[in-house]
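Undergrad:
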Amino acid sequence: MGIFSASRGVMNPTRSHVAKISPISIGQALRRERLLALLEPDSPTRAFWISGPGGAGKTTLIADFLDSKKLPSLWYQVDSLDGDPATFFYYFGRATEPLLVEEHSPPLLTREYLPEIDIFILHYFEALFQRLRPGSWLVFDNFQDAPEGSPLPRILHAAIKQLPPHITVAVLSRSDPPPNMARFIANRTLKHIGWNQLAFTADEFTSFLDFSGSTVAAPDAARLHFLTKGWIAGVVLWLLHYSGEEIPDTVPAQWTPENIFDYFASEILEKTSAEIRTFLLQTAFLPNMTVEMAEELTGMPAAEILESLYRKNFFVEKHRLRLVSYQYHPLFRRFLSLQAVRFYDAGALQSLRCRAAKILELHDLAEEAFRLYSQVDAFGPMQTLILSRAQVLIDQGRYTVLSAWIDTLPEEQTRDHPWLLVWKSVAMVPYDPKESVRLATEAYRIFAKNNDIAGQVLSWSTVVDILTMMRSGFAQLDGWIEEGGRLGDLLSDDDESIGLSSRFAAAMLMALLLRNQGHPEMEKWQTRCEKLFFRCRDQQIAVALIKNLFWSYYWLGQLHKALNMESGLRNLRDSGTLPPFGQIIMGALLALAGVMRGDHPECHRLVRESLDLAEKTGIHVFDFLIVSFSVYSALGQGELQTVQPLLTKLEGALSNYAIWDKGQYHYLLAWYAMQDGDLQNAEEHLKIALSLEKACGNPLTIALCKILRSQLLLELGRPAKAEAVLGSMLSEPRLGHNRILPFLVALAQADCAYSQQREEEARDLCARAFAAARKEGLWIPFGLSNKRLSVVCSRALQAEIEKEMVLEMIKRWNLKPSTIDSASEPQPWPIRIVVLGRFSIHCHEEPLTLSAKAPKKPLELLSLLICAGQNGILRETAADKLWPDSDGDRAIRALNTTVHRLRRLLGDDEVVAQQGGHLMLNKERCWVDCWRFQSLAHRSKGPVQPETAEKICAEALSLYQGEYSIGYGLSAAVRYANQLHNYWLDVVAATLPASAARGFSEDAGRAIRQALTADDSAVAIFHKMIGSYRKSGATAEAVDLLQHCRNLLMEQGLALGQKAEDFLKDLRKP
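Under the numbering used here, the residues of the sequence shown are numbered 273 to 1342, in order.
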């Protein structure tokens, strides 16, 4: 949707500034074919700069061309208001509305765009030109009236630079193009039509006299043309003045067109009637006027007078848009204003200006009204105008205009007026937040003294919004939270004040989150914000409400609630009504939701999407926060290789004043360094982070730093000190409602307990943590080592603690199997391979279908790698076994190709690893049933408790569903299959006594029955049993056990094979 989305601010049509943004109606004018031909399409020219003195015919030329071609056009009159870029974009945006092919108006230059205004300008015109009707002309008239230092030349340069072939720009000015236009002139993008071309030629001059019905004789006409040098305003003035007087041969050399104009105009003014003269002098104070405005000021029949002056070309311009309005030519208005100063005494002049200003104010021409009021120091009306227009100016992004207006008032008038102070504060937010806080604080003091609830709420919200935005000292919020509690009880949530109460509630909730999550009314403010959100109709405030609510659910650990908001966030983002600022906020929150759900690819996608929109619009307010989500995601997963570029990007997004951000940056550096094994660097960064977070005063991030410190201490081999760091954290009263912190602390404490062999305590802590995870959806491992968390989760699985929740944690945060138990199956492995008794592959929980035409060599390589175990096989050895008849180089090339094909078959580029000249299956991504079986078989022989040994053997027997099934004739596979079979016999033999005592009733018993009814395996097992018992001198007990097994089988309708029966007979012989 981008920069052209629906915008904040007042953009509804009103009658204000009709003349500033409406085309001029020129009436009857002489067509100048010579100049009109210069305006015809001529690639690559897409812009014109027409310069000449006032009254040279610039406006008439363009207006005639556009009228004759019936071209769609925008007519924008530059004036002193355009010194403020936000004012320009407000009025220019309104001027574009009739030419847009889509409904959305261009954006206003509001606060979020100011840090990157050049990017805003660039993308503003890029988007605008795509939406203007083809063939449109953008005309900037009186460009010379832009104030000194105005950004308008820079804005115009950006517009011309991006002009598409179907849009044309025309600039009308008394001045030649500025230096930044030189390149456009050189490459013919911009054509300069100067005074030499604009001046009337002798033939055009003669045609004009004929067109105007003049009776000037030919000699006089030639002299007049020479005298005026083709300046048409001078000709018109002379004709109005001419009564047969002789035309002089020359004029004084020091005379400028303005001087000549003033001379002739004064002569003409003397000849007009007193009524018309009075009308002209009085209406000169109106920069543009409707008939109604002129009549209100003069009491005369304005419609007849203005239309008569217009028809006589009496330097009156007529504009048509939604209303018909008139304005005097700038030269003529300047002249009339000077004459009025001479004509009226000071008292009458002041009265006239005040009356004119009041009329302008009533007709929504606030800027012109304020200028007239200020000329006579009418501070009372100025103050009234400021207070009535302040919110509108803020909505339009015109902070500097509002600030300048307030500064025009005497200091003694503003310092004790709370509304002036608070509006000055709001206007200063983008430029000097600290001063803004000071002003709003002073306003609040006066409002409180006067018991003005609305004023207190606005000034309170302004202070709190700034403090939370600056992120440099949250301790300052304490006093404001206390005041907010008092105000909240006084503030009504009824429809009349819902906007005010919604803004206040959103600010209060954020203040509590940042400073006191244990506040007794935290949940009350959450509930209040929820209710207000569904009733609030102000989109900007609604965005603040939903943003702060989402943050509250996240920070307090109410993750189910947060994730329930996802669809609402997405609908709001995609509604087509949000400006880019709101879209970026919604995108950032959705990225955070991706972190909560463990959908890390979605998180990274949304982060990129939000950053792209930020780059496109120049809104970089949230860049640090957005990038940090990707960093948290990567560090939580232990994906260290992706973190470094993100940290670099994060450093670039740091602001000068946000201490909290700097603390978070060093916290993330410490987390990264710890997981990367750089413990010294981790200590240094964590020390800085903790210092900054304490200075900023956010209890939650201080606690997160302590959790990270406990993990770092464990890595340094200091578990007792790690426990001491965690000991008092949950007693912090400012974190009383936080549910995520006890979860993290319990996991960190379990880690400490496991590291000191306090197994029962550790299991209790795991049970507590994962029970909370189940209840609230808590799977956020911030500050925990991915490797250490893997071990904790492994132990929890082994103890069968909240198995579903533990597996969810493993899955969401990509906990590496090699650090849990390299063969343990329960976790969701990327690749899972079964080869005992059957052959199947699951890739990311989906079965891989292998057809009869499946490639043979990749599967042979897979078999070879499984047989080689987790340490792998030399590349040369693998190549020799798979291609014994090929020479070395050819076999290695074939091996490389087969490795690539196997990775592609399994859909995982990391499943086959290479290390030190060896090829191996990646034990962190791949589970193989025979590896797990082999691991269990080894463990069953170790020094373990009988109960544990039984469990190990039972799991081993459940895995061994048959012999190794993917040999493909490889000798290594045959050897490996025999090795596994021998392990199986060992496990059966080890399990046999206990299982026989239970009548082969359990799952392991079924596996033993199957083994004993297979003749060869039964004999092998009997041999192992006898050998084992003979070592301890208990051969007779072994014979009795085997006889018991035989009898059990017979009772269950089964029988030993003949070889086994013969073996038993031999054992029973004396």
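Glycine included, each C-beta is placed from N, C-alpha and C at the ideal position. Quick caveat: nothing in here was measured; it's all calculated off a predicted structure.
Mind checking whether Gly890 and Glu312 have CB atoms under 7 Å apart?
TA: No, they are not a contact pair.
Undergrad: Quick one: what's got a C-beta closer than 7 Å to Ser733's C-beta in the same chain, skipping five residues either side?
TA: The residues are Arg775, Phe776, Ala779.
Undergrad: What ranges does the alpha helix (DSSP H) occupy inside the segment 961-1030, keeping only unbroken runs of at least 4 residues that lie completely in it?
TA: Entirely contained in the segment 961-1030, the alpha helix (DSSP H) runs reaching 4 residues are, in chain order, 971-987, 991-999, 1012-1027.
Undergrad: Does DSSP put Trp823 in a helix, in a strand, or in coil?
TA: Note: Trp823 maps to helix in three-state DSSP.
Undergrad: Is the beta carbon of Ala575 sitting closer than 7 Å to the one on Val588?
TA: Cβ atoms of Ala575 and Val588: not closer than 7 Å.
Undergrad: Looking at the strands, I want to know which residues DSSP matches up with Ser345.
TA: Paired residue(s): Trp409.
Undergrad: What is the residue span of the beta strand (DSSP E) that Glu589 lies within?
TA: From DSSP, the beta strand (DSSP E) with Glu589 extends over 588-592.
Undergrad: So the candidates are Gly1049, Glu375, Asp336; which of them puts its Cα closest to the Cα of Leu400?
TA: Considering only alpha carbons, the answer is Glu375.
Undergrad: Using the rule of at least 16 other Cβ atoms within 10 Å of the residue's Cβ for burial, across every protein chain shown, is Gly866 buried or exposed?
TA: Answer is buried; the Cβ neighbour count reaches 16.
Undergrad: Should Ala1025 and Ala1018 be called a contact, given that it needs their Cβ atoms to be closer than 7 Å?
TA: No. Outside cutoff.
Undergrad: Between Val350 and Ala442, is the Cβ-Cβ spacing less than 7 Å?
TA: No; because the gap between Cβ atoms is not below 7 Å, this pair is not in contact.
Undergrad: How would you label Tyr944, buried or exposed, when you count the other beta carbons within 10 angstroms and need 16 or more for buried?
TA: Label assigned to Tyr944: buried.
Undergrad: Taking only three categories from DSSP, how would you classify Lys1341?
TA: DSSP places Lys1341 in coil when its eight states are reduced to three.
Undergrad: Would you mind sorting Gly355 into buried or exposed? The rule is 16 or more other CB atoms within 10 Å of its CB.
TA: Classification of Gly355: buried, given that the 10 Å Cβ count is 16 or more.
Undergrad: So, with DSSP's three-state summary, where would you put Val735?
TA: Helix.
Undergrad: Could you name the residues of the same chain whose beta carbon sits closer than 6 Å to that of Met742, not counting the 5 residues immediately before and after it, in chain order?
TA: Excluding positions up to five away in sequence, the list reads Pro705, Tyr929.
Undergrad: Short of 6 Å in beta carbon distance, which residues of its chain neighbour Arg252, apart from the five on each side in sequence? Order them along the chain.
TA: One cannot answer for residue 252 here, as it falls past the ends of the chain, which runs 273 to 1342.
Undergrad: Assess, as a yes-or-no matter, whether the segment 432-440 is touched by the segment 396-412 under the definition of 3 or more beta carbon pairs within less than 8 Å.
TA: Yes, since at least three Cβ pairs between the segment 396-412 and the segment 432-440 fall closer than 8 Å, the two stretches touch.
Undergrad: Counting beta carbon pairs with one atom in the segment 1065-1074 and one in the segment 1190-1199, are three or more of them shorter than 8 Å?
TA: No, they do not touch.
Undergrad: In three-state terms, what does DSSP make of Lys543?
TA: Note: Lys543 maps to helix in three-state DSSP.
Undergrad: The beta strand (DSSP E) spanning Leu1191 covers which residue range?
TA: Start and end: 1190-1193.
Undergrad: In three-state terms, what does DSSP make of Ile898?
TA: Ile898 falls in the helix class under three-state DSSP.
Undergrad: Could you tell me the distance, in whole angstroms, from the CA atom of Trp467 to the CA atom of Asn459?
TA: Their backbone Cα atoms lie some 21 Å apart in a straight line.
Undergrad: Using 8 Å as the Cβ pair cut-off and three pairs as the minimum, do the segment 504-512 and the segment 359-367 touch?
TA: These segments do not touch.
Undergrad: Beta-carbon within less than 6 Å of Ala1166's beta-carbon, same chain only, minus the 5 sequence neighbours each way: which residues are those?
TA: Answer for Ala1166: Trp1155, listed in chain order.
Undergrad: Compare the Cα-Cα distances from Leu693 to each of Asp724, Thr713, Leu759 and report the closest residue.
TA: Of the candidates Asp724, Thr713, Leu759, the one whose C-alpha sits nearest the C-alpha of Leu693 is Thr713.
Undergrad: Less than 7 Å between C-beta atoms, sequence neighbours within five positions excluded: which residues of the same chain meet that for Glu633?
TA: Counting only Cβ-Cβ distances below 7 Å, and skipping sequence neighbours, we find Ala641, Leu657.
Undergrad: Buried or exposed: Pro406, going by 16 or more other Cβ atoms within 10 Å of its Cβ?
TA: Exposed, by the Cβ-count rule.
Undergrad: So the alpha helix (DSSP H) Cys808 belongs to, where does it begin and stop?
TA: Per DSSP, Cys808 belongs to no alpha helix (DSSP H) and is neither H nor E.
Undergrad: Select from Thr914, Leu964, Ser900 the residue whose C-alpha is nearest the C-alpha of Leu922.
TA: Comparing Cα positions, the closest option is Ser900.
Undergrad: Which full runs of the beta strand (DSSP E) of 3+ residues lie inside the segment 816-882, going along the chain?
TA: Listed in chain order, nothing qualifies, since the segment 816-882 has no complete beta strand (DSSP E) run of 3 or more residues.
Undergrad: What number of angstroms, rounded off, separates the C-alpha of Leu1328 from the C-alpha of Val1107?
TA: For Leu1328 and Val1107, the distance between alpha carbons rounds to 28 Å.
Undergrad: Cα separation between Glu1147 and Leu988?
TA: First, the residue type needs correcting, since residue 1147 is Arg and not Glu in the sequence shown. Going by the C-alpha atoms only, they are around 38 Å apart.
Undergrad: From this set, Leu804, Leu781, Ser1027, Ala650, which residue's C-alpha is nearest Glu257's C-alpha?
TA: Summary: the structure shown does not reach residue 257, with the chain confined to residues 273 through 1342, and so no result is reported for it.
Undergrad: How far does the alpha helix (DSSP H) with Phe401 in it extend, from its first residue to its last?
TA: 389-403 is the extent of the alpha helix (DSSP H) around Phe401.
Undergrad: Going by beta carbon distance, what residues of the same chain come within less than 6 Å of Thr500, once the five residues before and after it are set aside?
TA: Taken in chain order, the residues that qualify are Gly506, Val507.
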